[in-house]
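Numbers 152 to 426, taken from my numbering, label the letters of the sequence shown in order.
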Amino acid sequence: MKIEELSSEPNSNVLGRKTFVGLVSSMLFLPVTASAAEGKSQSKKNNSDENNVKKGRSIGGLPKRIRSICVIMDELQRDLMEERWDLLDAYPIQLRSFVPIFTSYTDSAFPGEDPIEQNLRVALRYEANRFFGGIKQLKKTLKRKDLDDAYTAYSNMAIHFDRFLRVGSLYDYYDPIEDYSKLYEGIPSSALVYKSPKRDPPGVRDLVVMVQGPDKGRIGILIGILNDGSNDVVVKLDKYSQSSGIRPIKVVPKLWAGKRLGEQEPDAAFLIPRS
Numbered sequence: 152m153k154i155e156e157l158s159s160e161p162n163s164n165v166l167g168r169k170t171f172v173g174l175v176s177s178m179l180f181l182p183v184t185a186s187a188a189e190g191k192s193q194s195k196k197n198n199s200d201e202n203n204v205k206k207g208r209s210i211g212g213l214p215k216r217i218r219s220i221c222v223i224m225d226e227l228q229r230d231l232m233e234e235r236w237d238l239l240d241a242y243p244i245q246l247r248s249f250v251p252i253f254t255s256y257t258d259s260a261f262p263g264e265d266p267i268e269q270n271l272r273v274a275l276r277y278e279a280n281r282f283f284g285g286i287k288q289l290k291k292t293l294k295r296k297d298l299d300d301a302y303t304a305y306s307n308m309a310i311h312f313d314r315f316l317r318v319g320s321l322y323d324y325y326d327p328i329e330d331y332s333k334l335y336e337g338i339p340s341s342a343l344v345y346k347s348p349k350r351d352p353p354g355v356r357d358l359v360v361m362v363q364g365p366d367k368g369r370i371g372i373l374i375g376i377l378n379d380g381s382n383d384v385v386v387k388l389d390k391y392s393q394s395s396g397i398r399p400i401k402v403v404p405k406l407w408a409g410k411r412l413g414e415q416e417p418d419a420a421f422l423i424p425r426s
């Protein structure tokens, strides 16, 4: 089934954002590689393993091509935050070319008719639609050279692309730590050096450290502030490892992210050389 672009504007998605919150949340860490025949007969398990092998062949290089978007999103972040309007118009065209790749991966990676794979396809199509809807919104903001709206469009794209990677089991690493805040138990809060987000909240482009929540202590850059009334912020965390190109996207309350203090290395996106 072809993925069709939906608008990223609030309340315009006929599927409804709230409808998918529970579904997508339940899919983010689903062990999709587990045998669908677990707990059943060994013969059914063997058939499932054989199907998984066939599935891997049908996927081919699609995961790698989808993950290549991570680099494009970093380059887009760099050029947007440096206000290189002369370079930005090419990004919507480049990213739109991935529509058939998303469609092929969704249908090839989870072709089964069992409820889990059906729900995965639905969730993936939703996230892809929102991602490409964000691209459409970005294109509109670039015509107006509206930087704030462009940041909003970019952060929405980043959110839904990250969710597509998670739901589609496309993360290329495993982080065994579920709650980083536990690493700071018994450690004084002064161990993290940052400006109070209550007195001096960070803005887009500010380098931040997570001061509360399960990602406490991790660092990144603030890429957007949601305009949906929540006033939540969107943080693009630094890479988990240099071997991975994926940078996790977190939507958190504004008091969870504080400006980093002292001399800091620039965000990795600004270190990408222009070809």
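By construction, the Cβ of each residue, glycine as well, lies at the ideal position given by its N, Cα and C atoms.
Note that this is a predicted model, so its numbers are computed, not measured.
Handout entry: 7 angstroms Cβ shell around L321 - same chain, five flanking residues per side excluded
Key = When the five nearest sequence neighbours on each side are left out, the beta carbons in the same chain lying within less than 7 angstroms of the beta carbon of L321 are those of P214, I217, R218, in order along the chain.
Problem - K387 (DSSP reduced to helix, strand or coil) - result: DSSP places K387 in strand when its eight states are reduced to three.
Exercise for the section: For my contact list, I423 and D225 are in at a C-beta cut-off of 8 angstroms; report their separation, rounded to the angstrom. Expected result: Confirmed, about 6 angstroms.
Exercise for the section: Determine the contact status of V359 and D383, defining contact as a CB-CB distance below 9 angstroms. Expected result: Their beta carbons are not under 9 angstroms apart, which means V359 does not touch D383 by this criterion.
Practice task
Report the residue from D330, K290, I310, G285 whose alpha carbon sits nearest the alpha carbon of L373.
Solution key: If we check each option's Cα against that of L373, I310 comes out closest.
Exercise for the section: Kindly identify the DSSP beta-bridge partner or partners of I400. Expected result: According to DSSP, residue pairing for I400 in a beta bridge involves K387.
Exercise for the section: Indicate the three-state DSSP secondary structure (helix, strand or coil) for L271 in the structure shown. Expected result: L271 falls in the helix class under three-state DSSP.
Handout entry: DSSP three-state assignment for I370, whether helix, strand or coil
Key = Strand, per DSSP.
Practice task
Out of G211, I220, Q228, G212, point me to the one whose CA is closest to A420's CA.
Solution key: Among G211, I220, Q228, G212, the Cα nearest to that of A420 belongs to Q228.
Practice task
Report the partner residues of A408 according to the DSSP bridge assignment.
Solution key: Answer is M361, bridged to A408.
Exercise for the section: Kindly list the residues whose CB is nearer than 6 angstroms to the CB of A260, restricted to its own chain and excluding five residues on each side of it in sequence; keep chain order. Expected result: Spatial neighbours of A260 in its own chain (CB-CB distance under 6 angstroms, excluding positions within 5 residues in sequence) are listed in chain order as I210.
Handout entry: Within 9 angstroms, strictly: CB atoms of Y427 and G375
Key = This structure cannot speak to residue 427, because the chain is shown only from 152 to 426.
Problem - Touch test, the segment 357-371 against the segment 402-416, Cβ-Cβ under 8 angstroms, three pairs minimum - result: Taking 8 angstroms as the limit for Cβ pairs, the verdict is that the segment 402-416 does touch the segment 357-371.
Problem - Under the three-state DSSP convention, the category I423 falls into - result: Assignment of I423 by DSSP, reduced to helix, strand and coil, places it in the coil class.
Practice task
To the nearest angstrom, report how far apart G284 and K291 are at their CA atoms.
Solution key: Each residue's alpha carbon lies about 11 angstroms from the other.
Handout entry: Inter-residue Cα distance where the pair is L412 and K387
Key = L412 and K387 have their C-alpha atoms spaced approximately 18 angstroms apart.
Handout entry: N280 to G263 span [Cα, whole Å]
Key = Roughly 21 angstroms between the two C-alpha positions.
Exercise for the section: Below 7 angstroms CB to CB, which residues in the same chain sit around S255 once its five sequence neighbours on both sides are set aside? Expected result: Only L213 meet the Cβ criterion.
Problem - Terminal residues of the alpha helix (DSSP H) in which D109 lies - result: The requested residue 109 does not occur in the structure, where the chain is confined to residues 152 to 426.
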